[in-house]
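A.B. asks: Sharing a structure below in structure tokens format, with a few things to ask.
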Amino acid sequence: MQKDPSEITHLKQAYSPEVRDSEFGGYDYMEEDEIAYFLADSCPHCLHAHELIQLRKKARRRLGNAKAAISRRAKELLDKHNTAADKAA
585 MQKDPSEITH LKQAYSPEVR DSEFGGYDYM EEDEIAYFLA DSCPHCLHAH
635 ELIQLRKKAR RRLGNAKAAI SRRAKELLDK HNTAADKAA
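Following this note's numbering, the numbering of the sequence shown begins with 585 at its first residue and continues without gaps.
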């Protein structure tokens with residue numbers, strides 16, 4: 585199915601894999617610095633969108649780490665409380 589060229593953005597081109605020309609085939613993805621370089625030459629608006637996507641990824645990773653730390657701390661406190669309750673009984 586052929587895509588309408590008006591629907592293809594520079595950002596979509598940067599994130600889409602390309603088929604490798606080798607005997608093994610497969611897909612080739614651009615690295616982060618390659619994407620930034622490609623978008624800097626192509627479209628400043630898509631480059632800004634890419635930078636925002638990367639910032640969001642970092643923020644979501646930090647949020648996940650904070651949630652995991654809270655869960656670990658809560659489990660430690662619960663285990664400590666249960667151990668103290670077992671000793672008292």
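Ideal placement from N, C-alpha and C gives every residue a C-beta, glycine not left out.
According to DSSP, which residues form a beta bridge with Glu-602?
C.D. replies: Beta-bridge pairing links Glu-602 to Asp-612.
A.B. asks: Among Met-614, Lys-642, Lys-596, Leu-639, which one has its Cα closest to the Cα of Cys-630?
C.D. replies: Answer by Cα proximity: Lys-596.
A.B. asks: Rank Glu-602, Ile-592, Cys-627 by C-alpha distance to the C-alpha of Tyr-611 and give the top, closest one.
C.D. replies: Comparing Cα-Cα distances from Tyr-611 to each of Glu-602, Ile-592, Cys-627, the minimum goes to Glu-602.
A.B. asks: With DSSP collapsed to three states, give me the class of Cys-630.
C.D. replies: If DSSP states are grouped into helix, strand and coil, Cys-630 belongs with the helices.
A.B. asks: Pick helix, strand or coil for Ile-654, following the three-state DSSP scheme.
C.D. replies: Correct three-state label for Ile-654: helix.
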